[in-house]
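Asks: So for the sequence shown, full-length UniProt numbering puts the first residue at 1; every next one is plus one. Once you've had a glance at the structure underneath, I'll fire off some questions.
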Amino acid sequence: MKRIALYLALFAGAVVSVAPYLMTLNSALKEPAQVLTTRAWSPALPVTFENFAQVWSEYDMSGFLLNSLLYAGAVTAGQVVFSTMAAYAFGRMSFPGRDALFWGYLATMMVPQIVTLVPLFLITREMGLIDTYLGLILPAAFGTPYGIFLVRQYFRTIPRDLEAAAHIDGAGTWTVLVRIMLPLSRPILATLATITFITTWNTLLWPLIITNSDATRVVTLGISALKGQYSSQYHLILAASAMALLPLLAIFLAFQRHIVRSIALTGLK
1 MKRIALYLAL FAGAVVSVAP YLMTLNSALK EPAQVLTTRA WSPALPVTFE NFAQVWSEYD
61 MSGFLLNSLL YAGAVTAGQV VFSTMAAYAF GRMSFPGRDA LFWGYLATMM VPQIVTLVPL
121 FLITREMGLI DTYLGLILPA AFGTPYGIFL VRQYFRTIPR DLEAAAHIDG AGTWTVLVRI
181 MLPLSRPILA TLATITFITT WNTLLWPLII TNSDATRVVT LGISALKGQY SSQYHLILAA
241 SAMALLPLLA IFLAFQRHIV RSIALTGLK
């Protein structure tokens, strides 16, 4: 009986989690007049793809999606590389002040992003990177406290005997990291990459501040532009939102096994 109740609770949670996405897709397939006159869960009859075609052709959604792919992909690559190197230094190497430096850096997670936004913008402007891909990517491409902590905790579960054996065979620090630690850390790296990509893809505030033209704007800004001051094209907003969700769902479904495994393993220590 307890197991049945547990399964019912899990099923209800899954329905609550998935329902907004299904209702978004369902509403995006409706005719413009039906979006505001019918409930979100009522079936789209007749089904139309005109909303998708219109938002794709008239609002350069393809360009916004490509910019988001470039932005999120570059930030994800940078986060994985720099977080991995910093996590190895904090988790497996010994140097004076290591723990104090780590916990001090981790404490910066409590600083709201809005506090650093103005100084970051001023630095970016002084470097001449306003409305450029570098200005969009660089501030977020280095290791974050969360990413470093996540990978460090995983590194601490790997037996040190593997490193000791490699050092005996003449392997250096870089060889140990690349040849031993990284292959054993694929689950946590996939998790970090997935979380970083989704978070960056959904970012609105920094792209809104740093970009001035459609050439560098990302999909979140493209969707927000469909909402006007006096009227909003909800059928196009829903279609654009559904299009923006597809890459995220594909990435999450592809790496969900690694995410579950890494969470289980990092919780061991």
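Even for Gly, the Cβ is constructed at its ideal location relative to N, Cα and C. The model shown is predicted, which means the values in this text are computed figures rather than measured ones.
For residue 278, which residues does DSSP report across the bridge?
Replies: Absent from the model: residue 278. The displayed extent of the chain is 1 to 269, so no value can be given.
Asks: So the alpha helix (DSSP H) TYR146 belongs to, where does it begin and stop?
Replies: Locating residue 146 in the sequence shown gives position 146, counting from the first residue. Note, TYR146: alpha helix (DSSP H), 145-155.
Asks: Are the segment 246-260 and the segment 46-61 touching by the rule of at least three beta carbon pairs closer than 8 Å?
Replies: no
Asks: For TYR7 and ILE195, I'd like the C-alpha separation in whole angstroms.
Replies: As a first step, residue 7 is located in the sequence shown; it is residue number 7 there, counting from the start. As a first step, residue 195 is located in the sequence shown; it is residue number 195 there, counting from the start. Taking the straight line from one Cα to the other gives about 27 Å.
Asks: Does PRO96 come out as helix, strand or coil in the three-state DSSP assignment?
Replies: Locating residue 96 in the sequence shown gives position 96, counting from the first residue. Of the three classes helix, strand and coil, the one that applies to PRO96 here is coil, per DSSP.
Asks: Can you find the residues in the same chain that come closer than 6 Å, C-beta to C-beta, to LEU268, ignoring five residues on each side of it along the sequence?
Replies: One-based indexing of the sequence shown puts residue 268 at position 268. With a pLDDT of only 49 at LEU268, under the threshold of 50, the placement of this residue in the model should not be trusted, and no figure is reported.
Asks: With three or more beta-carbon pairs closer than 8 Å as the criterion, would you say the segment 140-155 touches the segment 83-93?
Replies: yes
Asks: Determine, using beta-carbon pairs with one atom in the segment 140-147 and one in the segment 72-81, whether at least three such pairs fall under 8 Å.
Replies: yes
Asks: For LEU182, which residues in the same chain have their Cβ closer than 8 Å to its Cβ, ignoring the five residues on either side in sequence?
Replies: The sequence position of residue 182 within the sequence shown is 182, counting from 1. Correct list, in chain order: THR84 and LEU189.
Asks: Find the nearest neighbour of LEU69 within the set ILE237, THR199, LEU236 and ALA14, judged by alpha-carbon distance.
Replies: Counting from one through the sequence shown, the residue named residue 69 turns up at place 69. That would be THR199, whose Cα lies nearest to the Cα of LEU69.
Asks: Taking the continuous alpha helix (DSSP H) assigned at ASP161, which residues delimit it?
Replies: Sequence index remark: in the sequence shown, residue 161 carries index 161 (1-based). Element bounds for ASP161: 160-168.
Asks: Quick check on the DSSP output: what are the complete alpha helix (DSSP H) runs of length 4 or more inside the segment 57-145, in order along the chain?
Replies: Secondary structure remark: continuous alpha helix (DSSP H) runs of at least 4 residues inside the segment 57-145, in chain order: 61-92, 98-107, 113-126 and 133-137.
Asks: For the pair the segment 229-248 and the segment 55-68, tell me if three or more CB-CB distances fall below 8 Å.
Replies: yes
Asks: When you compare only the Cα positions, how much space is there between THR173 and ALA107?
Replies: For this step, residue 173 is matched to residue 173 along the sequence shown. For this step, residue 107 is matched to residue 107 along the sequence shown. So the alpha carbons of these two residues sit roughly 28 Å apart.
Asks: If contacts are defined as beta-carbon pairs under 8 Å, then THR37 and TYR133 qualify, I think. What distance do you get, rounded to the angstrom?
Replies: Walking along the sequence shown from the start, residue 37 turns up at place 37. Walking along the sequence shown from the start, residue 133 turns up at place 133. Between TYR133 and THR37 the Cβ distance is about 42 Å, and since that is not below 8 Å, they are no contact.
Asks: Please check if any C-beta of chain D sits within less than 9 Å of the C-beta of ALA190.
Replies: In the structure shown, chain D cannot be found, because there is only a single protein chain.
Asks: For the alpha helix (DSSP H) holding TRP201, just list the boundary residues, first then last.
Replies: One-based indexing of the sequence shown puts residue 201 at position 201. Taken as a continuous stretch (DSSP letters only), the alpha helix (DSSP H) holding TRP201 covers 186-201.
Asks: Under a Cβ-count criterion, where at least 16 other Cβ atoms within 10 Å of its own Cβ denotes burial, should ALA193 be classed as buried or exposed?
Replies: On the sequence shown, residue 193 is found 193 positions in, with the first residue counted as 1. The residue is buried, with at least 16 neighbouring Cβ atoms inside 10 Å.
Asks: Got a sec, what are the start and stop residues for the alpha helix (DSSP H) ALA14 sits in?
Replies: Locating residue 14 in the sequence shown gives position 14, where the first residue counts as 1. Taken as a continuous stretch (DSSP letters only), the alpha helix (DSSP H) holding ALA14 covers 2-28.
Asks: In three-state DSSP terms, what is ARG257?
Replies: In the sequence shown, the residue the question calls residue 257 occupies position 257. Correct three-state label for ARG257: helix.
Asks: Quick one: what's got a C-beta closer than 6 Å to ALA244's C-beta in the same chain, skipping five residues either side?
Replies: In the sequence shown, the residue the question calls residue 244 occupies position 244. The residues are VAL219.
Asks: Who are the near neighbours of ASN67 in its chain, counting only those whose CB is closer than 7 Å to its CB and skipping five residues on each side?
Replies: The count along the sequence shown starts at 1 and reaches residue 67 at position 67. Excluding residues within five positions, the ones whose Cβ falls inside 7 Å are THR216, ARG217 and VAL218.
Asks: Give me the Cα-Cα distance between GLY135 and PHE197, rounded to the nearest whole angstrom.
Replies: In the sequence shown, counting from the first residue as 1, residue 135 sits at position 135. In the sequence shown, counting from the first residue as 1, residue 197 sits at position 197. Each residue's Cα considered, the two are about 18 Å apart.
Asks: In the structure shown, what three-state DSSP assignment does SER42 receive?
Replies: Position 42 of the sequence shown, counted from the start, is the residue given in the question as residue 42. Three-state DSSP puts SER42 in coil, outside helix and strand.
Asks: With a threshold of 7 Å on Cβ separation, who are the neighbours of PHE11 within its own chain once the five nearest residues in sequence on each side are excluded?
Replies: Along the sequence shown, read from residue 1 onward, the residue named residue 11 stands at position 11. There are no such residues.
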